[in-house]
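Undergrad: Please see the structure below; I have some questions.
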Ligand code: HEC
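In this note's numbering, the protein residues as written are 51 to 183.
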């Protein structure tokens, strides 16, 4: 039975797409090449709820505005009202498994929320924080 269990586990492991851990590790390496280092979840935690003032409208914008403060819960898009699945991999196994999706949304979300692209350091901090949720 034990052998069967191990074989089954191996099979699942082999056919499972890249895990969040692998994908995040790859992206962190990439950000390090761009000069980032010592990624800190604490920096990302405080940035998650910090309000940034939109230059055009004067509105306050936050990451948690669309994604919720509790990352294990679904969020709601601040503009369209659409439900956004939880960002925490523990609540949503599809999270952080596609580097292109991550980069695409970092670009859009950072521009919309903060008014500029996030730095490699900030993106790494966010991923380290999200990965642990
Ligand atoms: C205006 C709404 C909105 C705001 C504000 C917002 N996001 Fe998002 N975010 C989205 C949408 C929509 C998606 C794509 C849909 C999805 O992945 O469920 C997304 C996806 C993501 C993803 C991709 C996750 C994955 O598993 O691929 C990350 C990472 C992310 N957002 C981080 C952030 C960060 C960091 C901030 C703040 C700088 C932020 N978001 C602010 C709407 C928002």
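Yeah, the Cβ is synthetic: ideal placement off N, Cα and C, and Gly gets one too.
Taking the Cβ atom as the reference point for each residue, do residue 104 and residue 112 lie within a distance shorter than 7 Å?
TA: For residue 104 and residue 112, no; Cβs fall outside 7 Å.
Undergrad: Alpha helix (DSSP H) containing residue 183: first to last residue?
TA: Taken as a continuous stretch (DSSP letters only), residue 183 belongs to no alpha helix (DSSP H), as it is neither H nor E.
Undergrad: If you draw a straight line from the C-alpha of residue 169 to the C-alpha of residue 125, how long is it?
TA: Cα to Cα, the separation comes out at about 24 Å.
Undergrad: Report, in whole angstroms, the separation of the C-beta atoms of residue 184 and residue 145, which I expect to be a contact under 8 Å.
TA: Residue 184 is absent from the structure shown; the chain starts at 51 and stops at 183.
Undergrad: Is the separation between the beta-carbon of residue 115 and that of residue 94 shorter than 7 Å?
TA: Not in contact: residue 115 and residue 94 (Cβ atoms no closer than 7 Å).
Undergrad: Am I right that residue 153 and residue 161 are in contact with their C-beta atoms under 8 Å? What's the rounded C-beta distance?
TA: Between residue 161 and residue 153 the Cβ distance is about 13 Å, and since that is not below 8 Å, they are no contact.
Undergrad: Taking 6 Å as the cut-off, is the beta-carbon of residue 115 closer than that to any non-hydrogen atom of the ligand HEC?
TA: Checking every heavy atom of the ligand HEC against the Cβ of residue 115, one is found closer than 6 Å.
Undergrad: Per DSSP, which residues does residue 108 bridge with? Please list them.
TA: DSSP, once it has assigned bridges, lists no residue as partnering residue 108.
Undergrad: Is residue 132 buried or exposed, if buried means 16 or more other CB atoms sit within 10 Å of its CB?
TA: Exposed, since its Cβ has fewer than 16 Cβ neighbours within 10 Å.
Undergrad: Ordered along the chain, which non-local residues of its own chain (more than five positions away) have a Cβ less than 8 Å from that of residue 102?
TA: Closer than 8 Å at the Cβ level, and outside the excluded window around residue 102, lie 110, 111, 112, 163, 164, 165.
Undergrad: Are residue 181 and residue 75 touching if we call contact CB-CB under 7 Å?
TA: Against a cut-off of 7 Å, the Cβ pair of residue 75 and residue 181 comes out as no contact.
Undergrad: Rounded to whole angstroms, what's the CA-CA distance from residue 80 to residue 87? Just pull it up for me.
TA: One C-alpha to the other measures close to 11 Å.
Undergrad: Counting only runs that start and end within the segment 73-151, where is the alpha helix (DSSP H) found for 4 or more residues in a row?
TA: Within the segment 73-151, the complete alpha helix (DSSP H) runs of at least 4 residues are 91-99, 114-117.
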